[in-house]
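> Before I ask anything, let me first share the structure, which is written out below as structure tokens.
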Amino acid sequence: MGRKFFVGGNWKCNGTTEEVKKIVTILNEAKVPGEDVVEVVVSPPFVFLPFVKGLLRPDFHVSAQNCWVRKGGAYTGEVSAEMLVNLGIPWVILGHSERRQLLQESNELVGDKVAYALSQGLKVIACIGETLEQREAGITAAVVAEQTKAIAAKVSNWDNVVLAYEPVWAIGTGKVATPAQAQEVHADLRKWLHDNVNAGVAGSVRIIYGGSVNGGNAKELAAQTDVDGFLVGGASLKPEFVDIINAAT
Ligand SMILES: O=C(COP(=O)(O)O)NO
0 MGRKFFVGGN
10 WKCNGTTEEV
20 KKIVTILNEA
30 KVPGEDVVEV
40 VVSPPFVFLP
50 FVKGLLRPDF
60 HVSAQNCWVR
70 KGGAYTGEVS
80 AEMLVNLGIP
90 WVILGHSERR
100 QLLQESNELV
110 GDKVAYALSQ
120 GLKVIACIGE
130 TLEQREAGIT
140 AAVVAEQTKA
150 IAAKVSNWDN
160 VVLAYEPVWA
170 IGTGKVATPA
180 QAQEVHADLR
190 KWLHDNVNAG
200 VAGSVRIIYG
210 GSVNGGNAKE
220 LAAQTDVDGF
230 LVGGASLKPE
240 FVDIINAAT
């Protein structure tokens with residue numbers, strides 16, 4: 000396989016200057032594997048991005064949590080991909096379920112956002128995941144395939160894409176997917192990529208899991224063949240984020 004382990008920390012809409020300084024100090028002092036083993040990307044709110052980038056250790060990287068779908072301009076409140084590039088922010092999370100649910104971001108819009116961000120030179124953590132109702136209805140595979148298809152329809156080069164499977168029912172609930180549940184969906188996604196994109200992309204794209212990952216469950220999840228890392232929410236704001244990074248080894 001040879002896929003480098005990836006651990007993302009999605010801080011969501013959290014933090015004060017003091018809190019951010021504390022988190023970054025913990026990260027800067029953390030004993031973790033080298034970046035040849037695990038890639039660590041933390042995603043503060045926009046307002047803290049340059050601040051965190053300036054304080055964070057050089058082997059960790061920063062990500063935005065979203066960006067606009069086209070070139071900047073008369074779009075009040077939006078932040079463009081060009082602005083992130085201008086600030087030296089290399090990554091962006093797109094299609095997070097909280098934006099799909101709360102802001103009605105459609106599969107097509109997410110696909111367009113991913114394509115535009117890549118076109119501007121950003122690396123993308125593209126999020127997909129089913130709701131509890133969809134899982135209970137037995138349509139998880141179809142839902143995540145549809146979400147991935149909308150991204151694949153607009154992406155020609157997957158080198159700078161990490162796919163994050165985040166079951167909505169596991170986000171912020173403490174109800175983490177079992178290792179078997181995560182492995183099943185990740186394997187389905189890798190097969191979908193193999194059958195609908197190509198074998199090279201299927202073998203190289205990192206598919207990471209998000210949804211109530213913590214220091215206690217990360218190791219077992221990381222041991223799954225097709226789990227290539229995590230996108231961590233709540234626990235990324237705590238010292239246990241370091242334990243999650245170390246689950247890579
Ligand atoms: O939304 C998440 C996961 O959040 P939690 O770890 O808090 O479930 N990652 O983007």
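Just so you know, numbering that gives the first Met the number 0 puts 61 at position 62 of the sequence shown, and the rest follows in order with no gaps. Backbone N, C-alpha and C fix where the C-beta goes; we use that ideal spot for every residue, glycine too.
When you compare the CB positions of residue 240 and residue 234, do they come within less than 8 Å of one another, or not?
Result yes, Cβ atoms of residue 240 and residue 234 sit closer than 8 Å.
> Give me the residue from 133, 79, 107 and 7 with the minimum Cα distance to residue 118.
Minimum Cα distance to residue 118 is reached at 79.
> Short of 8 Å in beta carbon distance, which residues of its chain neighbour residue 154, apart from the five on each side in sequence? Order them along the chain.
Contacts found: 110, 113, 114, 117 and 160.
> How big is the Cα-Cα spacing for residue 238 and residue 25?
Going by the C-alpha atoms only, they are around 7 Å apart.
> Is it true that the segment 98-106 meets the segment 33-44, where meeting means three or more beta-carbon pairs spaced less than 8 Å apart?
Touching, no, given that fewer than three Cβ pairs across the two stretches are closer than 8 Å.
> Following the continuous beta strand (DSSP E) through residue 127, name the residue where it begins and the one where it ends.
Unbroken beta strand (DSSP E) run through residue 127: 122-127.
> Please report the straight-line C-alpha distance between residue 230 and residue 43, rounded to a whole angstrom.
In a straight line, the C-alpha of residue 230 is about 13 Å away from that of residue 43.
> Keeping to the same chain, check which residues put their C-beta closer than 7 Å to that of residue 174; ignore five residues upstream and five downstream.
Around residue 174: 168 and 211.
> To the nearest angstrom, how far is the alpha carbon of residue 183 from that of residue 59?
Answer to the nearest angstrom: the Cα atoms are 30 Å apart.
> Can you look up residue 132 in the DSSP assignment and give me helix, strand or coil?
Residue state, collapsed to three classes: helix.
> Taking the Cβ atom as the reference point for each residue, do residue 215 and residue 5 lie within a distance shorter than 8 Å?
It is not a contact, given that the beta carbons lie outside the stated cut-off.
> Do residue 206 and residue 189 count as a contact pair if the criterion is CB distance below 8 Å?
For residue 189 and residue 206, yes; Cβs fall inside 8 Å.
> What's the C-alpha gap between residue 195 and residue 122?
Going from the Cα of residue 195 to the Cα of residue 122 covers about 22 Å.
> Which class does residue 115 belong to by DSSP, given the choice of helix, strand or coil?
Of the three classes helix, strand and coil, the one that applies to residue 115 here is helix, per DSSP.
> Curious, which full-length beta strand (DSSP E) runs of at least 3 residues does the segment 144-200 contain?
DSSP runs (the beta strand (DSSP E)) wholly in the segment 144-200: 160-164.
> Following a CB-centred definition, is residue 230 positioned closer than 7 Å to any heavy atom of ligand 1?
Checking the Cβ of residue 230 against ligand 1 gives yes.
> Output yes or no for whether 8 Å exceeds the beta carbon distance between residue 193 and residue 201.
Yes; because the gap between Cβ atoms is below 8 Å, this pair is in contact.
> Nearest CA to the CA of residue 222: which residue from 179, 47, 130 and 162?
Looking at the Cα atoms, 179 is the closest of the given residues.
> Name the DSSP beta bridge partners of residue 102, please?
Beta-bridge pairing links residue 102 to no other residue.
> Just list the residues that DSSP pairs residue 9 with in beta bridges.
For residue 9, which the question treats as bridged, DSSP gives the partners 42.
> Figure out for me which residue from 171, 199 and 142 has the closest Cα to the Cα of residue 304.
The requested residue 304 is not part of the displayed model; the chain covers only 0 to 248.
> Is it buried or exposed, residue 145, if we count other Cβ atoms within 10 angstroms and call 16 or more buried?
Its Cβ having fewer than 16 others within 10 Å, residue 145 is exposed.
> Is it the case that the Cβ atoms of residue 171 and residue 126 are separated by a distance below 8 Å?
Cβ distance not < 8 Å, so residue 171 and residue 126 don't count as in contact.
> Starting from the C-beta of residue 156, find all residues in its chain whose C-beta is less than 8 Å away, skip the five residues before and the five after it, and write them out in chain order.
Cβ neighbours of residue 156 beyond the five flanking positions: 117.
> What does DSSP give as the partner residues of residue 205 in its beta bridges?
The partner list for residue 205 (beta bridge, DSSP) reads 161.
> Rounding to the nearest angstrom, what Cα-Cα distance links residue 83 and residue 45 in this structure?
Computed Cα separation, rounded: 9 Å.
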